[in-house]
Amino acid sequence: MHPHVLLGFLFGHFIFLMEASDLIHRPRVTWTVKDGNFPRIHLLENNTYMKFVQGHQDTLYAAGNTHVYRIDFHRNSPRLLQRSVFRAKCDVSTSADCQYNITVLHKSKNANQLFLCGTNGQKPTLCCYAETKTDENFQCIPSNNNLNINQQINENDPTLLNDRSEVEEFYATHSGPGNSPGIYRFNNSPIWSDSSQKEQIYMSLVASGKREDSVQDRLYTFYIEKNTDQSGRSHLWVPRVAQVCVADRGGPKNILQMKWTSMLNSRLYCGDPDRKLYFTDLVEVTTVVADRWQDTRIYTLFKDAWGTRAICVYRVEDIDHVFTTSKFKGQTDPIPKPRPGECVEDSIKLPSDVLKMANTRLEMEDWVGDHNKPLMVTHHHYNHINVDSIQGNRTVLLLSLEDGRIHTFLERNGQGFIIVEIQPFNQRTHILSMWLNSSTRKLYVGTSRELVQIDLVSCARYGDHCEECVMSRDPYCGWDGNRCTTATNITIQDVDNGNPIVCKINGATSSKVVSPKQVRVPVSSPYVLQCPTLSNHAEISWRHSGNNTPTPCAHIEAEHKCILLIESMSPEQEGEYSCMSEERGYRTTLAMFSVKLGSGATGLASFYTVCFWMVLTLLLVPL
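Residue numbers (the UniProt record's numbering): 1 to 623.
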């Protein structure tokens, strides 16, 4: 195919694709490895999961399958704390009983200790407190309360170390079919779930927060349960939330001994009936703890059978309301006192009629969240979610995609905006987990072989002018009069609307001076003009001095460039070409070219490079 015909064909199809794409759920800007440095550390093993815990200041502890790392990105390499954290003899042994995988990593209330558990696929699970004063003195001290846990803890099952009392209480969940799924507590008063014949997969354990009366403290667990209704119109999984009281000691010897007497469960609802959208497959859960326990929010990531994702948010106060006021499903007898599920100081002394009712695996008639619509519904295949709560009733959601990209999503009063897409990897990569340090605004991303640190306050990447900084709507960034930098109470922002007019109001407008680049093209030769783009939400066009009619821009998203094809150079094509950007009333020139006939390069190298990127993008962009 002749070069002119080939590029003309690609341009036509490429512009069509760009016009058909959904701008609402497109990130405004994109950060890639080429745009800036993402500090990374290569790990010593190929991991299938990754757990994070915050240490002192910028120090981070990470646990993979068998190694614990002390990470400080100011150093050139990670510090391996100890290869075998559970038994000294394992340092020189290769026997099966020494091959422990680290399944639990928590920060103890002792600042110099970590709480770890490991399993070799058999019972019991071994747990210990690891001293972390120095790298060389990483010692695992057996836990008197939690050492011999007669229950295997899987690496993906959520756990919780609760420090509400002098003795830390360790809670674990166990997913699976049969009679083993449930919530377990290991301390001086161990307790576990009653047997269940339903398959359950646990996603999160959440402490409700300290209440005025500590007896009323509760623990919530979010999970999905295999649907026993096998009809064709039924969903495969049912999302649920369950509660237990932290003060629960189990029942007396004759009923519910060493089992939860306060467990209640309710259906978890995430959907939009107006659009006939319903989500039942829970993917991940994260929590934003508030000063008041009632205001703590639970952010949940769902998907449906077609892969569409939704984010639904629940307040602890609303969950508590369902468990304390709803009728019990299938119960017609009078409700005894105290009400089943109510937290009491000594559950062993509960009346027999309360215990008998509690032994029936009580479910609430009301669903949690049955009046709330999703915060967001999207076709982006998100797998992980982190949340950062910011002053001004704003929230930043950090969402990872299946191929290793990350979106920062601004939420305020139920409205959303994708601020930026971060591409910290050069190739498609599966992200195992993410962890956010809210105090430093740094996000840590773990894959099978490396850890990457992402500085969310990378404000300079938004541009060199006030309007560009304001339109980012990034709550972490503001214009200080000279540059886009960390937001303070005096920097210029408009997080709610991103209206660049605030720059003019505050006397901070600026004009961009662009000098034209001289280009000479031989007669009848093709040539491609290129200009860099910053915002995916801007309308970009080309203008030729000989013709005031704007020409639409063809985007190469992989390169973040806008291009214009001169199919065959002639005197009519001579003149100045300007690449113009317009967004929310702010208009600026991105690049200028002064094109003349001459004996310069034919532009074929540029032509074939452009063809390559356009073909690649055509293959990657979904229709």
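Cβ coordinates follow ideal geometry from the N, Cα and C atoms, glycine included. This structure is a prediction, so every number in the text was calculated from the model and none was measured.
Quick check: the Cα distance between residue i and residue j, rounded to an integer number of angstroms?
i: Y269; j: L564; result: 49 Å
i: L456; j: Y61; result: 20 Å
i: I490; j: L432; result: 39 Å
i: R520; j: H544; result: 16 Å
i: Q415; j: P336; result: 44 Å
i: P522; j: F593; result: 16 Å
i: H371; j: D274; result: 12 Å
i: D304; j: P516; result: 51 Å
i: L277; j: N386; result: 24 Å
i: L401; j: N383; result: 6 Å
i: H321; j: T221; result: 16 Å
i: V452; j: D464; result: 26 Å
i: R40; j: K34; result: 14 Å
i: L355; j: S204; result: 27 Å
i: T103; j: L443; result: 22 Å
i: P177; j: E225; result: 10 Å
i: L154; j: M50; result: In the sequence on display, residue 154 carries Asn and not Leu. Each residue's Cα considered, the two are about 13 Å apart.
i: D72; j: L114; result: 17 Å
i: N227; j: T280; result: 11 Å
i: Q152; j: N536; result: 49 Å
i: T589; j: L160; result: 54 Å
i: V313; j: L282; result: 13 Å
i: V595; j: L534; result: 24 Å
i: R218; j: E317; result: 12 Å
Does the beta-carbon of residue i have 16 or more other beta-carbons within 10 angstroms, so that it is buried, or is it exposed?
i: E212; result: exposed
i: I419; result: buried
i: R481; result: Reading off the sequence, residue 481 comes out as Gly, not Arg. G481 should be labelled exposed.
i: H106; result: buried
i: W306; result: exposed
i: P158; result: buried
i: L411; result: For the sequence presented, residue 411 should be read as Glu rather than Leu. By the neighbour-count rule (16 or more Cβ atoms within 10 Å), E411 is buried.
i: H74; result: exposed
i: N162; result: buried
i: E365; result: exposed
i: R428; result: exposed
i: I141; result: exposed
Please list, in chain order, all residues of the same chain as residue i whose beta carbon is under 7 Å from its beta carbon, the five residues on each side excluded.
i: N46; result: S448, R449
i: L362; result: L264, F328, P340, G341
i: M357; result: P336, P340
i: Y202; result: D157, P158, T173, S175, T221, Y223
i: V502; result: V470, I492, D494
i: M569; result: V521, P522, V523, S524, S525, Y527, L597
i: S541; result: P550, T551, P552, C553, M580
Output the boundary residues of the alpha helix (DSSP H) element that contains residue i.
i: M471; result: 466-471
i: A63; result: Unbroken run through A63 is the beta strand (DSSP E), 60-63; no alpha helix (DSSP H).
i: P505; result: It is worth fixing the name first, because residue 505 is Ile in this sequence and not Pro. Run containing I505: 501-505, per the alpha helix (DSSP H) assignment.
i: S352; result: 352-358
Leaving out the 5 sequence neighbours to the left and right, which residues in its chain are closer than 6 Å to residue i when beta-carbon positions are compared?
i: G546; result: G575
i: Y586; result: E467, P500
i: I566; result: Y527, Q573
i: G55; result: Y61
The beta strand (DSSP E) that contains residue i, what's its start and end?
i: I563; result: 561-566
i: H42; result: 40-42
i: D388; result: 382-390
i: H407; result: 406-412
i: C312; result: 309-315
i: V519; result: 517-521
i: K107; result: 101-107
i: M203; result: 200-207
Just checking my contact of residue i with residue j at CB under 8 Å: how many whole Å lie between their CB atoms?
i: T308; j: V377; result: 7 Å
i: H380; j: H25; result: 7 Å
i: H430; j: T30; result: Contact flag wrong, Cβ pair sits at about 20 Å.
i: E582; j: A538; result: 6 Å
i: Q493; j: V470; result: 6 Å
i: D248; j: S262; result: 5 Å
i: P475; j: A460; result: P475 to A460, Cβ: 16 Å. No contact.
Taking only heavy atoms of the ligand GDP into account, decide whether any of them is closer than 8 Å to the Cβ of residue i.
i: L236; result: The ligand GDP is not part of the structure shown, which contains no ligands of any sort.
Ordered along the chain, which non-local residues of its own chain (more than five positions away) have a Cβ less than 8 Å from that of residue i?
i: S439; result: none
i: R405; result: E421, I422, Q423
i: Q257; result: G250, G251
i: S347; result: C245, A247, D248, R249, G250, G251, T261, S262
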